[in-house]
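Following my numbering, the numbering of the sequence shown begins with 1 at its first residue and continues without gaps. Even glycine gets a Cβ: it sits at the ideal position worked out from N, Cα and C.
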Amino acid sequence: MIGATVSSITRRRPFASRRVQVLTLSLFMFAAVALVSRLPAWPLIDYRAFDYLSTIGADPLPDDGPIIVAIDEPSLAEINVQWPWPRSLHARLISALRAAGAKMIGIDIIFSEPSLPGEDEGLAASLGPDVVLAGDETLVTSAQADQFIRVTPLQIFTDKLAMTGIASVGLHRDGVLREMPVYSDGFAAMIAAGAGGAAESPPRGSLIQTFGGPRTYPTVSYYQALDPENFLPPGLFKDRMVIVGLSLQNAPSIESGGADAFATSSTVHTGKLTAGAEIQATILDNLRLSQYVTEASLPIRQAVLLVAVAFAALLVWRGTGWKTVVLGAAALFMLLAGSYLTLRFGRVFASPMAPSLAFIGIAVAQAGLDYAQERKSRRQITRAFSQYLAPALVEELARDPSKLKLGGEKRELSILFCDVRGFTTISEQLKDDPQQLTTLINRLLTPLSEIVLSHGGTIDKYIGDCLMAFWNAPLDDPDHARHAVSAALDMLDSMDGLNAELKAEAQASGRVHYPLRIGVGINTGECVVGNMGSSSRFDYSALGDAVNLAARLEGASKPYNVSLLVGEATAHAAFGTLMVLELDRITVKGKTEQSPVFTVLRQKPDTAVIERHQQFLTAKYAGDVNAQRVLSRELAEALPALAGYYGQFHGDRRATDGTA
């Protein structure tokens, strides 16, 4: 009996229970990710995402951006003077750039210490309000206190109206330069102010939008800028901002490091460091063009996280499967795309990492829970149905529980009823030994059940000594009628071996042997099959006229003195592979027309015997008693398996042994 246990297997978990599970998981994931994203190491994950997103389809380099005058290897070789170079050389450069039409000149070199006599005066003479000299600010940490130390150019230079800009930059914990300087008098900010393009200071924590890797900005060597008329195209510096500083010809790598060179967001692609002068140029364009990127505030980040959690919960609300993977991938792409579009067009960076982690966490965790539940259900299905279905069918049903449809559905089934002949007499004889009676019935039903399962049948129920089974449910079986008949023949054949075992055991123990015989009825027809019963307990069973007729056929097999009686639809389905013989026509309860009934034989008789049987049926239906008597005697000799059936028509009513 497939009862209430199956209810918990085949039905999905209550929707309310799943809702609680998904909501609990979502709240937990939201809280966990919100806390993890506040840890000190987490921003490095967000910043790495910024590195990739900010360098995809980056804005082109501005046409009127600064030009870099690089103190590089060719210049060191051409000038052939030991570094640091005489300050009078820098004075010549400033004069040459000014003469070439440069609008602003930024010198990314700190002149905080006196030089040789005459050198400082020469440099000071070349300075003016169109020159910005670099300063530096350093945090000195000691056990007693933390102190900021600002280093600025000599007063002799600032007295000449040269501006001072702090060129210090701050690195993130992973050593990458991404953050805009916080100084209102920063080096790039002062150049922008001098060029007349001053912009508002960016919010603290704003990020630098790079335009490419090293040497993205137009760069000339220092020695070329000293004599632009001979080395450079005419008008190169006309109305342009110029930044002078160290810039190695071959950008140093991360592994080798370099003087005044830093890793930037572009380093993830190039693996190269960018010179400080070029970084100052990038900061300058970020300021004057408002290209810098601000980070989304905490409330906005939490709101995005909440939306991602809510969408993930909706995605797994009813179940997980391949659609979850597809929609989940689409949702993650939307998170990345949304973050990218916000950064590129809104200049706001809302990291997709925390929302993506929460989304993936909910989807994967719920999928894991569903998988565990599915595994549990499969084990329960296997345990519950292994007593009623063939192992192959149990395995198929465990792989796809949806094949077991709940409720009722109309299907064509082949129904088998098997009953013990003379069970009342056996029960009466064993009334004082109920244990032996129970053992006897179990010994009988065990091999019969195994035969049903081996032929792909479903055991509906045991009713005392009666077994009911059917084919073509819960799984499809196109040859259900033939399989049912084959099972019935094997069941009848098994009785010889079982009776021999029981007889030997009875003789050995001095007990009386009660031989067992069975009768089988099979019918094929449309039934309603499904879970029948109450909401708390039900059976997976079949109902319908076809079931009732199968039970009647089993009962009618006894007066016909045959062990197997099948209905017309079953006979037609089995015909061709088995020997089917019509025995009579009966009127089914509730109908007026008669239906033929049949039996099935293992071995096909001779053609002449089959023809004589047809003549016998013709005489029987015509009421020709004399012809019936004569033909039945002949057929009883020719077909010993049906001797009991033919004996009814010539006076010999010996019962067969149930081995049709």
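Looking at the secondary structure, which residues open and close the beta strand (DSSP E) in which residue i lies?
i: Pro596; result: 594 to 601
i: Gln147; result: 146 to 151
i: Ala134; result: 131 to 141
i: Leu246; result: 241 to 246
i: Ser221; result: 219 to 221
i: Ala70; result: 67 to 71
i: Thr587; result: 579 to 587
Which of the three DSSP states is assigned to residue i in this structure?
i: Gln648; result: coil
i: Leu97; result: helix
i: Asn80; result: coil
i: Lys160; result: coil
i: Asn561; result: coil
i: Gly122; result: helix
i: Ile254; result: Only weak support exists for where Ile254 lies, its pLDDT of 49 falling under 50; the value from the coordinates is given anyway. Three-state DSSP puts Ile254 in coil, outside helix and strand.
i: Ile459; result: strand
i: Ser17; result: helix
i: Thr342; result: helix
i: Val566; result: strand
i: Leu464; result: Leu is not the amino acid found at residue 464; the sequence shown has Gly there. The answer is coil: DSSP assigns Gly464 none of H, G, I, E or B.
i: Met180; result: coil
i: Asp370; result: helix
i: Leu336; result: helix
i: Glu200; result: coil
i: Thr24; result: helix
i: Asp285; result: helix
i: Ser322; result: What sits at residue 322 in the sequence shown is Trp, not Ser. Three-state DSSP puts Trp322 in a helix.
i: Lys604; result: coil
i: Thr267; result: helix
i: Leu306; result: helix
i: Pro214; result: coil
i: Pro355; result: helix
Where does the unbroken alpha helix (DSSP H) through residue i begin, and where does it stop?
i: Trp42; result: 42 to 54
i: Phe111; result: First-last for Phe111: undefined, no H or E at that position.
i: Ala508; result: 480 to 509
i: Leu207; result: Here Leu207 belongs to no alpha helix (DSSP H), and DSSP marks it neither H nor E.
i: Ala608; result: 607 to 622
i: Val452; result: 434 to 454
i: Asp694; result: Because the chain spans 1 through 660 in this model, residue 694 falls outside it and cannot be assessed.
i: Arg674; result: There is no way to answer for residue 674, as the model of the chain reaches only from 1 to 660.
i: Phe231; result: 228 to 231
i: Phe187; result: 187 to 194
For residue i, write down the residues that DSSP places opposite it in a beta bridge.
i: Val420; result: Ile518
i: Asn531; result: Tyr540
i: Trp471; result: Ser414
i: Phe349; result: Glu295
i: Thr274; result: Phe262
i: Met104; result: Met241
i: Phe575; result: Leu578
i: Thr524; result: Ser414
i: Glu409; result: Val529
i: Ile362; result: Paired residue(s): none; Ile362 is not in a bridge.
i: Gly165; result: Ala134
I'd like to know if the region 469 to 483 and the region 499 to 514 are in contact, where contact means that at least 3 CB-CB pairs between them fall below 8 Å.
As far as the Cβ criterion goes, the region 469 to 483 does not touch the region 499 to 514, which means the pair count is below three.
Quick test of the definition: if touching needs 3 or more C-beta pairs under 8 Å, does the region 152 to 162 touch the region 131 to 139?
Taking 8 Å as the limit for Cβ pairs, the verdict is that the region 131 to 139 does touch the region 152 to 162.
Pairs of beta-carbons, one from the region 135 to 149 and one from the region 306 to 325, closer than 8 Å: are there three or more?
With fewer than three CB-CB distances shorter than 8 Å, the region 135 to 149 does not count as touching the region 306 to 325.
With a cut-off of 8 Å, do at least 3 Cβ pairs link the region 576 to 584 to the region 517 to 535?
Touching, no.
Would you check if there are 3 or more beta carbon pairs closer than 8 Å linking the region 418 to 427 to the region 453 to 468?
Yes, the region 418 to 427 touches the region 453 to 468.
Please confirm if the region 63 to 70 is in contact with the region 345 to 356, defined as three or more CB-CB distances below 8 Å between the two stretches.
Not touching, per the Cβ criterion.
Could you tell me whether the region 83 to 101 touches the region 223 to 236, using the rule of 3 or more Cβ pairs below 8 Å?
Output reads yes: the region 223 to 236 touches the region 83 to 101.
With three or more beta-carbon pairs closer than 8 Å as the criterion, would you say the region 259 to 270 touches the region 168 to 183?
With a cut-off of 8 Å, the region 168 to 183 and the region 259 to 270 count as touching, because enough Cβ pairs lie within range.
Tell me, please, whether the region 202 to 210 touches the region 284 to 302 by the rule of three or more beta-carbon pairs shorter than 8 Å.
The region 202 to 210 vs the region 284 to 302: in contact.
Counting pairs of beta carbons, one from the region 41 to 58 and one from the region 78 to 90, are three or more of them closer than 8 Å?
No, because fewer than three Cβ pairs between the region 41 to 58 and the region 78 to 90 fall closer than 8 Å, the two stretches do not touch.
Any contact of the region 269 to 283 with the region 240 to 247, i.e. 3+ C-beta pairs under 8 Å?
Inter-segment contact for the region 269 to 283 and the region 240 to 247 is present: three or more beta-carbon pairs are separated by less than 8 Å.
Below 8 Å, can you find three or more Cβ-Cβ pairs linking the region 537 to 551 to the region 440 to 447?
No: the two stretches stay apart, fewer than three of their Cβ pairs being nearer than 8 Å.
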